[in-house]
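Single-structure report; data block below.
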Amino acid sequence: MFGKVDEKELLDLARRTRKDVWQMVYSTKSSHVGSAFSIVEILVVLYKLILKNNHKNPDDAERDRLILSKGHACSALYAILAELGYFPKELLDTYAKNNSILMSHVNSEVPGVEFSTGSLGHGLPVSLGMALAAKSRGEAWRTFTILSDGELNEGSNWEAFAMAAHLKMDNLFVIIDCNKLQAFGFTKDVVNLDPLEKKFEAFNWEVMRIDGHDFSELYRAFTVLSNSQSGRPKLIIADTIKGRGVSFIENKLEWHYRWPSDEEYQQGLIELG
């Protein structure tokens with residue numbers, strides 16, 4: 005049990021979210037399904053257990069803010085928002101189609117979405133600005149941002165990491181979706197940034213590394229960091245699997261841009277249940 009929420013409920017929400025994403029990507033022949041699947045458990049824990057927000061009042065001034073900086077994984081965010089009642093689930097059928105607000109990168113016109121993203125390296129600097137705004141106003145809401153590990157190639161992130169620590173932004177939480185793959189290769193082969201933990205610790209962030217598909221580890225990390233009195237910004241390195249949930253797309257580079265064929269779609273539905 006996680007408070008009033010049991011693991012079965014979390015597992016079912018993760019399954020439904022992945023199934024929604026699979027259907028969205030197939031119906032529009034769009035891409036980034038692997039990137040979306042790797043963050044599902046992260047989103048489930050955030051929305052069900054951590055974030056202080058309410059689908060009935062998505063613009064509540066006291067809500068926690070979440071920015072999905074890896075905006076190409078928007079299908080997972082849209083799916084979980086629909087599952088939780090931020091907008092009618094039928095709207096998912098319009099994903100990536102003409103005149104739809106559900107664009108193929110995160111769009112702030114969607115209820116529950118804080119900021120439009122897609123060009124990597126922008127989400128964290130904007131999140132830092134939000135966290136600073138809350139601090140300067142004496143407000144208690146927190147800012148969370150999800151980055152991809154490939155996104156760490158962008159220098160703007162490292163400027164924001166340095167400034168957040170300097171400003172003691174302990175109301176800022178960063179989750180790195182460390183699925184080890186980016187558009188054209190393994191992250192270690194494109195720009196090897198290991199050891200990540202030591203780098204972020206050297207930037208004076210409070211760091212935890214966990215299994216990004218394990219609800220218990222995710223919940224514990226968010227709880228420990230939320231209760232910390234260190235005065236430092238918080239960072240979780242979530243080790244994940246790109247394409248998690250459908251066996252034949254897991255850890256496969258080509259599924260950064262591919263969509264499923266008719267046969268693959270049916271097989272994926274069987275695996276997702």
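Position one of the sequence shown corresponds to residue 5 (the numbering used here), numbered consecutively onward.
Beta carbons: idealized from backbone N, C-alpha and C, even for Gly.
Since the structure is predicted, the reported quantities are computational estimates derived from the model, not experimental observations.
Mind checking residue i: buried by the 16 CB within 10 Å criterion, or exposed?
i    : result
S140 : exposed
F204 : buried
S220 : exposed
Q270 : exposed
R248 : buried
G235 : exposed
E210 : buried
E199 : Before going on, a small fix: residue 199 reads as Pro here, not Glu. Exposed: under 16 other Cβ atoms inside 10 Å.
G277 : exposed
E118 : buried
P264 : buried
H260 : buried
I54  : buried
The alpha helix (DSSP H) that contains residue i, what's its start and end?
i    : result
I54  : Element bounds for I54: n/a, residue is neither H nor E.
R317 : No answer is possible for residue 317: it lies beyond the span of the chain, which begins at 5 and ends at 277.
S152 : That residue, S152, is in no alpha helix (DSSP H); its beta strand (DSSP E) goes 147-152.
E11  : 11-32
F204 : 200-206
Y99  : Per DSSP, Y99 belongs to no alpha helix (DSSP H) and is neither H nor E.
E87  : 78-87
Could you spell out the range, first to last residue, of the beta strand (DSSP E) harbouring residue i?
i    : result
R69  : 69-72
E275 : It is not in any beta strand (DSSP E) - E275 instead sits in the alpha helix (DSSP H) that spans 266-276.
K238 : 238-243
D215 : 210-215
What number of angstroms, rounded off, separates the C-alpha of residue i from the C-alpha of residue j?
i    : j    : result
G239 : H36  : According to the sequence provided, residue 239 is Leu. The question's Gly does not apply to it. In a straight line, the C-alpha of L239 is about 24 Å away from that of H36.
T21  : A80  : 7 Å
R69  : V178 : 12 Å
E258 : A144 : 42 Å
L85  : G116 : 7 Å
F41  : A138 : 31 Å
F1   : R146 : No information on residue 1 is available, as it lies outside the stretch 5 to 277 that the chain covers here.
I46  : V195 : 25 Å
L14  : L88  : 12 Å
D174 : V250 : 37 Å
L106 : C78  : 9 Å
M28  : E268 : 14 Å
D104 : T98  : Reading off the sequence shown, one finds Ser at residue 104, where the question assumed Asp. Each residue's Cα considered, the two are about 6 Å apart.
F226 : N57  : 16 Å
T32  : H59  : 27 Å
L176 : L128 : 10 Å
M212 : E66  : 27 Å
R223 : K74  : The identity of residue 223 in the sequence shown is Tyr, whereas the question assumes Arg. Rounded to whole angstroms, Y223 to K74 spans 21 Å at the Cα level.
How is residue i classed by DSSP in three states: helix, strand or coil?
i    : result
F6   : strand
Q233 : coil
M173 : coil
L47  : helix
F1   : Summary: the structure shown does not reach residue 1, with the chain confined to residues 5 through 277, and so no result is reported for it.
Should residue i be counted as a contact of the ligand SAH given a C-beta to heavy atom distance under 8 Å?
i    : result
S160 : Ligands displayed in this structure: none; no statement on the ligand SAH is therefore possible.
Assuming residue i and residue j are in contact, meaning their beta carbons sit under 8 Å apart, how far apart are those beta carbons, in whole angstroms?
i    : j    : result
T191 : G154 : 5 Å
I71  : S131 : 5 Å
P237 : A169 : 6 Å
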